[in-house]
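Undergrad:
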Amino acid sequence: MDRPGPIIVTQEGEEEVEVEQVVDAHLKRGKLEFLVLWKGYGDEDKMWEPEAHLDNSCNAVRKFYSKNPSAPRKLRGMDSTLFNSLFQLMPKNLTTTSGTWSRLEVEP
């Protein structure tokens, strides 16, 4: 990112680049991240940012979810330990017997 984009100064006095659009979302190690297109920058400068970095860009996040309702999102009120426990590896084969086949007979 070497082109200057619009800078926002937060209430804490920190400088941030303005979000033009949230393009995608995914979970990385149980944490929600957004693919962000920055205002004044090109597509090649898009970056994955943790959800916490977009606290001042709620409108961009809302727009993204209105266009992509099935995109991953954080489940409110659920701590990360409980959330991560939903994604346990399952055993490959739960049975010890081999498959059996039968022929279905249909009466005319």
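Numbering (the UniProt record's numbering), first residue to last: 1 to 108. Backbone N, C-alpha and C fix where the C-beta goes; we use that ideal spot for every residue, glycine too. Note that the coordinates shown come from a computational prediction; the quantities given were computed from them, not determined experimentally.
If you run the structure through DSSP and keep just helix, strand and coil, what is residue 49?
TA: As a first step, residue 49 must be located in the sequence shown, where it is residue number 49. If DSSP states are grouped into helix, strand and coil, residue 49 belongs with the strands.
Undergrad: Which residue comes first and which comes last in the alpha helix (DSSP H) that contains residue 60?
TA: Here residue 60 refers to the residue found at position 60 when the sequence shown is read from its first residue. Taken as a continuous stretch (DSSP letters only), the alpha helix (DSSP H) holding residue 60 covers 58-67.
Undergrad: Going by alpha carbons, who is nearest to residue 49 out of 15, 27, 14?
TA: Along the sequence shown, one-based indexing puts residue 49 at 49. Nearest option by C-alpha distance: 27.
Undergrad: Please state whether the Cβ-Cβ distance between residue 21 and residue 37 is less than 7 Å.
TA: Here residue 21 refers to the residue found at position 21 of the sequence shown. Here residue 37 refers to the residue found at position 37 of the sequence shown. In this structure, residue 37 lies closer than 7 Å to residue 21 by Cβ.
Undergrad: With H, G and I counted as helix, E and B as strand and the rest as coil, what does DSSP make of residue 24?
TA: Along the sequence shown, read from residue 1 onward, the residue named residue 24 stands at position 24. Residue 24: strand per DSSP, three-state reduction.
Undergrad: State the beta-bridge partners of residue 31 as determined by DSSP.
TA: Counting from one through the sequence shown, the residue named residue 31 turns up at place 31. The partner list for residue 31 (beta bridge, DSSP) reads 28.
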